[in-house]
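So the sequence lines, in the order shown, correspond to chains W, E, S, Y and P.
Just so we're aligned, residue 3 is where the first sequence starts under this note's numbering, counting upward by one.
Just so we're aligned, residue 3 is where the second sequence starts under this note's numbering, counting upward by one.
Just so we're aligned, residue 3 is where the third sequence starts under this note's numbering, counting upward by one.
Just so we're aligned, residue 3 is where the fourth sequence starts under this note's numbering, counting upward by one.
Just so we're aligned, residue 3 is where the fifth sequence starts under this note's numbering, counting upward by one.
C-beta atoms are modelled at their ideal positions from N, C-alpha and C, and glycine is treated no differently.
See below for the structure under consideration.
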Amino acid sequence: MLINCVAYQDGKKLSDIPVADISEYIILPNAFVWVALKDSSPAELAEMQFEFGLHELAVEDALVGHQRPKIEEYGDSLFVVMHTVEVNDDGLHVGEVGVFVGTTYVLSNRHGYEQSFNDVRTRCERESHHLKQGPAFVLYALMDEVVDRYFPVLETLENELWKIEEQMFATPACRTTLEQLYQLKRKCVQFKHAAGPLMEAVSKLDGGRVPYVVANSTEYFRDVHDHLHRINSGIDSIHEMVSTAIQVNLSLISLEDNNVNKRLAAWAAIFAVATGMVGIWGMNFEHMPELQWQYGYPLALSAVLSTCGYLFYRFRKSGWL
Amino acid sequence: MLINCVAYQDGKKLSDIPVADISEYIILPNAFVWVALKDSSPAELAEMQFEFGLHELAVEDALVGHQRPKIEEYGDSLFVVMHTVEVNDDGLHVGEVGVFVGTTYVLSNRHGYEQSFNDVRTRCERESHHLKQGPAFVLYALMDEVVDRYFPVLETLENELWKIEEQMFATPACRTTLEQLYQLKRKCVQFKHAAGPLMEAVSKLDGGRVPYVVANSTEYFRDVHDHLHRINSGIDSIHEMVSTAIQVNLSLISLEDNNVNKRLAAWAAIFAVATGMVGIWGMNFEHMPELQWQYGYPLALSAVLSTCGYLFYRFRKSGWL
Amino acid sequence: MLINCVAYQDGKKLSDIPVADISEYIILPNAFVWVALKDSSPAELAEMQFEFGLHELAVEDALVGHQRPKIEEYGDSLFVVMHTVEVNDDGLHVGEVGVFVGTTYVLSNRHGYEQSFNDVRTRCERESHHLKQGPAFVLYALMDEVVDRYFPVLETLENELWKIEEQMFATPACRTTLEQLYQLKRKCVQFKHAAGPLMEAVSKLDGGRVPYVVANSTEYFRDVHDHLHRINSGIDSIHEMVSTAIQVNLSLISLEDNNVNKRLAAWAAIFAVATGMVGIWGMNFEHMPELQWQYGYPLALSAVLSTCGYLFYRFRKSGWL
Amino acid sequence: MLINCVAYQDGKKLSDIPVADISEYIILPNAFVWVALKDSSPAELAEMQFEFGLHELAVEDALVGHQRPKIEEYGDSLFVVMHTVEVNDDGLHVGEVGVFVGTTYVLSNRHGYEQSFNDVRTRCERESHHLKQGPAFVLYALMDEVVDRYFPVLETLENELWKIEEQMFATPACRTTLEQLYQLKRKCVQFKHAAGPLMEAVSKLDGGRVPYVVANSTEYFRDVHDHLHRINSGIDSIHEMVSTAIQVNLSLISLEDNNVNKRLAAWAAIFAVATGMVGIWGMNFEHMPELQWQYGYPLALSAVLSTCGYLFYRFRKSGWL
Amino acid sequence: MLINCVAYQDGKKLSDIPVADISEYIILPNAFVWVALKDSSPAELAEMQFEFGLHELAVEDALVGHQRPKIEEYGDSLFVVMHTVEVNDDGLHVGEVGVFVGTTYVLSNRHGYEQSFNDVRTRCERESHHLKQGPAFVLYALMDEVVDRYFPVLETLENELWKIEEQMFATPACRTTLEQLYQLKRKCVQFKHAAGPLMEAVSKLDGGRVPYVVANSTEYFRDVHDHLHRINSGIDSIHEMVSTAIQVNLSLISLEDNNVNKRLAAWAAIFAVATGMVGIWGMNFEHMPELQWQYGYPLALSAVLSTCGYLFYRFRKSGWL
């Protein structure tokens, strides 16, 4: 689906243009066309391929989807794949944004991602002194937006970890904690798959041999790279703490088990003593003088109770009860 | 066993040719011969070695089999070893495809792998504008096919993990889950041994000093490399989740143990109390007035029952029962 | 908030100057201006940006805060971000120090960090032969101070580990130990996020292509790098020992559990024997001659006691009690 | 001990020669001398050092032994250390083979390794077209042999793992399994110490700046490197599976424990119920009408039995028994 | 404290000289001065700094101590820091040796290390053909000595591991084993901190751009590097085996626990049966014919005993007792 198709010259918007006129605009000096697609059909992509002369393999990748985040050079154009990440009820939802960048065009194409990038366009049009730099700046603005949207996701995961930790040390261990830890780990792995390769890829736009089309904007991409670095080390921290939490949680469970066993042992001992004692006076020997005593029964009962009480006191003191 | 032996010129099929005529065709301009073998005998390989002038060490490797996936340069020809991977009942079945590529020939040779590569040939013959690029494109097409066949395997493993996870959190722990996790880990390790070294090897065909014979097709091999990257990070994810699952499963087992112990403790306490109480009235003291009461017996019984009931209620409330 | 704004020439302090006069001083030969800000407002930063011609992206980073430690080159100026680390009651408090360094100015700006760097300024003014080297030396002095303040933090963590270890092997396992280990791990991860990237960044100032502005001071930065190396390997050691401690602690818990179980088993056996024995003489058979014996009762009691005593002795010998 | 000392020219054996005549042969065109020593004495090595002009440090290393596998260049000669590995009853037996290679000589010297390398010599003499390449080919042949002898060791370890796995999932956990896993891990570590550094070292003979003496044989050494790569990744796989097996085994033990606990709980409950019930009718109340019933006793017994039977049925159904 | 101060020329000792005369000797052709200090005071170091023109930062490092092992170039002199390691009762004692090396001097300075390096001096003076190479050879000799003294430490740790392993598999698990494993891990970490960075540092003296002052002795430093490689991989092995041992030990503890639980279950069952049976005949029903039998009592007793005996036999057979 075509979202926008706008021509720009010298950092200023010329006008919304029909796709068919693209070729007339991209030959103007300092002009470029910025097209935004969403869940594009093969036909749309084919049209774009024709208009902009996109490389066959890049178009194929964009059609098939499920690419890793990457930045590929085809001659002097770039094909960038980024993953969008949203938190929903049962995990992370990962969408895809493909961006084709040439010297005279930017074509963005998102798949399975509802949020639009209109604010990026608005911001770019406002900062026309930057937009003068052409498609490279647009690419930067799109990347910056995608990456900036990673931060709330990271925060959500951090909060989740925070809650699990609190619950882990405050309440007895339960299956839910374990399942949450497992799901958090899974989300970290998913998130890392979005942010990790992108960081790697972006590092190629900053330093070393930089592709021609972004050569004048390396400082901007270094900034994006830096943000990705923070995202990634944030994920790594959560990752590591989750692993530790799983281990610590196992220890907590064992500790609880230990406590249960101690109580079990203590109560078993107390009742075994009582049962043993009353059993004694239940024996049928003829010559058991205490059985005839006037106060034999209450004495026996109090003997049993005081023995049990003493044991109870001992166990409590040694922390078993 | 010889499967096909076909000569091509300018991207078009000339004809099926007998092995003996190979040398006449490979001297035609822009022509090359594409031979497909299966479980080749030493004699067949020796013949091929003679026709194409293959390097002794490469031929030896192809004969012995059990090579790691690799790409080796011998002068200006390449020897490529790839592993095919199939899921069967008790693990992964790994086969081997060796490809010799020179400027005028492609010789593929598969071992222990039933599925043919005829569709690759069909596709290549259809896309004659690509086939013009010669043996390099054939190599790409073969690699692409082998790697594309990795994706369903990856999916199978992902589904397996998925099922184990569900079962792990839904039902009590059992030996089967553990054995499945162990086998899944084993499959990951096996799969990684196929896909990991191949990725490494392919990266040499894309960027840096590229072997002469594939110099004009690096973009294609970058695509293969990218797919292998996805496969490998997919395997790594499963790998990591399996390790976590093993740890979490241990915790689940301990937790269950904990619950069993709690129930054991609770029931033991309830019955110990009952036994102790009835033991009291089983004592033989002469002066136990309640024994003579008219309703002593039902009173005693209800005392025992209400005590046990109260304990039951307490344990239930504190989650032990 | 402006802390200081001082002009220096040939390593000597000229005078405290108002911000508005900065531009007059930085054109003097061998002169530079050193400004210290604290929790600067956007307006203050904007003024500084105007006076020193700071790069827009660097200023934005300084405003937003929450940057990773890094050293970035903008033309021939540097933007350095360092983290300050303080230990407080519930974890580590991390602040931020941003330093802009050009050939004629140093601008430091700290966020969320109360301790001042006045002693750095005092030391620099005292060592005027060093201060002659200009802004690079000031940068070194600031870095050296920040890094030197890491050492007491490292020591605190080492002491914490030390205490946990002692307690772990000396007293029975408890939740507190586990929570402390977990928190220590968290602190390590936090600390590492401050010290790790800084080390990486500083290594760029020593060896290889060194930024122009610090070119004559690489030996100093190598020293800082070396200190950071020590800090980092110190953190890594604690990290590793914490992981081991968590594992060992789990074993200690299991061991304790084992002991409790043994005791439980032993006492259960002793009382079960006693109960069984007294139960025998509580049977109502008519022909049980020992019941009529004069000393049947004391004999029975001593039989029970001596059996239990023997069991007790056996269990004690085998270490179960 | 001197095993052989043979002179070769143009790939053909000239004759067995006494050590003293070495210097006369190594000056012939295209000739070289191949000496094999076993557990050489200092005197023998000193003689060789004199004849071939070996480097002092290399000779010292050969004398002292216990070197890591390595390849060192001394001027235009090489000193190669390889480890031989044999499986015996209580672990791996590691021997050492040192090879000195110059343009006119090969001197091999094995320590603590009984198997001879005579078949290598036989093979080399048979393939005289290869032997023409001189000492480099001999070095290759020796390395190839040492590395080929690693494969059966790898297989033995794989089989060991296989057996442990089978036993682990088929029978209840026991100390033996754990000890075997531990020993297997130890063997992996030992084996890795032989094969890992050698792979690293051999990679220097293939690609990059290759030592002069082997410059014409890099393809052969690439082959050795490849074999070592397979060995090493084989060891890594075992390594990894052993670690997983240890973890899984712990889970299996816990699971078994869990089952034992469940059974314990179930039986305890059944007998506690029975004991409690018979205790009731053992009470001495005067008014317990069922005691006078004609069939009170069998009724009581069957009440007890059916209650226990019902419990048994319930526990069996819920999988506790 | 000054230990020695000796001047050498052409590899021969000239004489012991007072510190004040150093400057006269170091201008002689092919001469150098070798000074050994121990726990040097700031004043001594200042004197040396003046005599040899040492770099301020290096001197500061030597004064402060607690450096990581490192090799730093200052102009054409080197500053080397090595750690000495000694085993004592409660861990490793780590000392420090700092060596300043210039073209005309060697200054060694040890801290917290009692053993002298006099034998190094003796050996160097004996091998005057080597000593001719000047300060570089002295540096090599000192390094070689420090590293050689690592080997017995490594052996001690290996023996410790060995003992722990034996004890672990031979006797029941106990706290001591765990504490020993933990301490061994700690020692490995400490040792690694001494040997690891030194290896890294030494690798700069062998291959690549080598500092001028040691340029003619790279082969010697490669030898030291090689020894350090062995030390480090030895430590790594112990490290890894300790981690495995901790895991295996946990399994052994669990296994023991399992056995205890089984025994507990078995004995509990046996006694519960006995108690239940004797309880039956303790019931007060009027019509229990067996109570009147002449041999009822012995029959009952033997019924109980044989039931218990049968259970005992069953449990023993199934390995629970």
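Helix, strand or coil: which one does DSSP assign to SER235/P? helix
Helix, strand or coil for VAL244/P? Go by DSSP, reduced to three states. helix
Between which two residues does the beta strand (DSSP E) holding SER17/Y run? 14 to 18
Measuring straight from C-alpha to C-alpha, what distance separates PHE287/W and GLY281/E? 17 Å
Touching or not, the region 264 to 276 of chain S and the region 4 to 16 of chain Y, by the rule of three or more beta carbon pairs under 8 Å? no
So which residues on chain E does TYR76/W lean against when the C-beta distance must stay under 8 Å? GLU221
On a CA-only basis, which of VAL35/S, GLU74/S, ASP92/S, GLN51/S is nearest VAL203/S? Give me that one, please. A small fix is needed here, since residue 203/S is Ala in this sequence, not Val. Selected option, being the one with the closest Cα: GLU74/S.
Are the C-beta of ASP259/W and some C-beta of chain S separated by less than 8 Å? yes
Which of the three DSSP states is assigned to ILE28/E in this structure? coil
Rounded distance between the beta-carbons of GLY278/P and MET369/S, thought under 8 Å: Residue 369/S is absent from the model: chain S starts at 3 and stops at 323.
Nearest to TYR107/W (by Cα), restricted to the options PHE139/W, GLN117/W, ALA305/W: PHE139/W
Chain W contacts from the region 237 to 252 of chain E (Cβ-Cβ distance under 8 Å): SER239, GLU242, MET243, THR246, ALA247, GLN249, VAL250, LEU252
Could you please give the first and the last residue of the uninterrupted alpha helix (DSSP H) stretch that includes LEU156/S? 152 to 172
Using a Cβ-Cβ cutoff of less than 8 Å, which residues in the same chain neighbour LEU186/Y once the five nearest sequence positions on both sides are dropped? LEU159, GLU162, LEU163, ILE166, ILE240, VAL244
Which residues in chain P sit within 7 Å of LYS264/S, going by Cβ to Cβ distance? VAL262
Following the continuous alpha helix (DSSP H) through ALA217/E, name the residue where it begins and the one where it ends. Unbroken run through ALA217/E: none, as it is neither H nor E.
If you draw a straight line from the alpha carbon of ASP92/E to that of GLN182/E, how long is it in whole angstroms? 11 Å
CA nearest to the CA of HIS68/S, picked from TRP36/S, LEU56/S, HIS113/S: HIS113/S
Spatial neighbours of VAL212/E in its chain, beta-carbon cut-off 8 Å, leaving aside the 5 residues before and after: LYS206, THR220
Listed from N- to C-terminal order along the chain, which residues in the region 99 to 120 of chain E have their beta-carbon within a distance smaller than 8 Å of any beta-carbon of chain W? none
Compute every distance between the C-beta of LEU254/W and the non-hydrogen atoms of the ligand MN, then say whether any falls below 7 Å. The ligand MN is not part of the structure shown, which contains no ligands of any sort.
Extent of the continuous beta strand (DSSP E) run through ASN354/P: Only positions 3 to 323 of chain P appear in this structure, which leaves residue 354/P out of reach.
Would you say the region 76 to 95 of chain S touches the region 215 to 235 of chain S, given that touching needs at least three Cβ pairs under 8 Å? yes
Who are the neighbours of LEU183/P on chain S, taking C-beta pairs under 8 Å? VAL250
Is the separation between the beta-carbon of LEU252/E and that of LEU252/W shorter than 8 Å? yes
Excluding sequence positions up to five away, which residues of its chain have a Cβ less than 7 Å from the Cβ of ALA196/P? PRO71, HIS85, VAL87, VAL96
Could you name the residues of the same chain whose beta carbon sits closer than 8 Å to that of HIS131/S, not counting the 5 residues immediately before and after it, in chain order? GLY13
Backbone CA spacing between ASN2/W and VAL191/S [nearest angstrom]: Because chain W in this structure spans residues 3 to 323, residue 2/W falls outside the shown range and cannot be described.
Would MET50/E and LEU56/E be called neighbours here (beta carbons separated by less than 8 Å)? yes
Considering GLU116/Y, what are the terminal residues of the alpha helix (DSSP H) in which it resides? Careful: GLU116/Y lies outside any alpha helix (DSSP H) and carries neither H nor E.
Thinking C-beta only, is LEU109/P closer than 8 Å to VAL122/P? no
According to a CB-to-CB cut-off of less than 7 Å, which residues of the region 277 to 310 of chain S neighbour chain P? THR277, GLY278, GLY281, ILE282, GLY284, MET285, ASN286, PHE287, GLU288, HIS289, MET290
Put GLU98/Y into one of helix, strand or coil per three-state DSSP. strand
Give me the Cα-Cα distance between LYS134/P and ASN32/Y, rounded to the nearest whole angstrom. 38 Å
Grouping DSSP H, G and I as helix and E and B as strand, with all else coil, what is ASN6/E? strand
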